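Residue numbers (this note's numbering), protein chains in the order written: chain A, 3 to 118; chain B, 1336 to 1450.
Report on the following structure.
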């Protein structure tokens, strides 16, 4: 069974600094996909970035990047040069390669507050 | 960017009644999903719908639940009859494809309160 754990409940940072969020996952499958989503104050859930398990290079999109440590089953999200509008709840999610029956498995989320 | 719309944003009903949650997915998307989030818990997968059929469903998708998308209109989740434990926020999502390029677009959610 797949499982996703985000241990950090909330993080506060100053604007223009870097924030790092942790996520560890459990899976029996050798092929899997990892995702990060952001939920804004309005409730909107927005896809940010993904990492496919077979790719060694860390994914990067804009000011989001991932720290993929496969031996540790860890997929951290790094946001550089944070802005006020980065304040949100960030969810880590996973899906096993050919297992659609469980959909995406989500973590509990990490609330990030960016202060000026 | 593409938007998934959910109507209504909040629904309050009495236990035992029927409720229908509506979702307007991204127009060219082919796969549709419902997820459930109980307050303070993780968002959990309910069902995936494609080509007019349920493709996969979780154990949370009880017999009282049903989904349909008649004639390309709203993608709906119907609960009949409702139970107290159905109180949650229900998120609809859609995607163009699955697999390596899979990317889900979510709605804002419908908060269902069963009294």
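Ideal placement from N, C-alpha and C gives every residue a C-beta, glycine not left out.
Quick caveat, the model's predicted, so the values are computed rather than measured.
Terminal residues of the beta strand (DSSP E) in which residue 90 of chain A lies: 90–98
Nearest candidate by alpha-carbon position, reference residue 58 of chain A, set A/33, A/115 and A/72: A/72
Segment contact, 8 Å Cβ cut-off, at least three pairs: the region 96–109 of chain A with the region 20–34 of chain A: yes
For residue 53 of chain A: DSSP bridge partner residues: A/36
Near-chain B residues of the region 102–118 of chain A (beta-carbon distance less than 9 Å), N- to C-terminal order: 102, 103, 104, 105, 106, 107, 108, 109, 110 and 111
Cβ of residue 98 of chain A within 8 Å of any chain B Cβ: no
Interface residues of the region 31–51 of chain A facing chain B [CB-CB below 9 Å]: 35, 37, 39, 41, 44, 45, 46, 47, 48 and 49
Extent of the continuous beta strand (DSSP E) run through residue 1379 of chain B: 1378–1385
Cβ neighbours of residue 1418 of chain B in the same chain (closer than 7 Å, five flanking residues each side left out): 1350 and 1449
Rounded separation between residue 1411 of chain B and residue 19 of chain A - CA only: 42 Å
Three-state class that DSSP yields for residue 1431 of chain B in the structure shown: coil
Exposure of residue 1423 of chain B, with buried meaning 16 or more beta-carbon neighbours within 10 Å: buried
First and last residue of the uninterrupted beta strand (DSSP E) at residue 2 of chain A: The requested residue 2 of chain A does not occur in the structure, where chain A is confined to residues 3 to 118.
Among A/84, A/40, A/46 and A/87, nearest to residue 93 of chain A - alpha-carbon criterion: A/40
Distance between residue 1342 of chain B and residue 7 of chain A (C-alpha atoms, nearest Å): 31 Å
Boundaries (first-last residue) of the beta strand (DSSP E) holding residue 21 of chain A: 21–23
Rounded separation between residue 1420 of chain B and residue 36 of chain A - CA only: 30 Å
Test item: CB-CB of residue 89 of chain A and residue 114 of chain A under 8 Å: yes
One or two residues paired with residue 113 of chain A in a DSSP bridge: A/12 and A/91
Contacting positions in the region 1430–1442 of chain B - beta carbon closer than 9 Å to chain A: 1433, 1434, 1435, 1437, 1438, 1439, 1440, 1441 and 1442
Rounded Cβ spacing between residue 1426 of chain B and residue 1402 of chain B (contact assumed at less than 8 Å): With 8 Å as the limit, residue 1426 of chain B and residue 1402 of chain B do not qualify as a contact, their Cβ atoms being about 14 Å apart.
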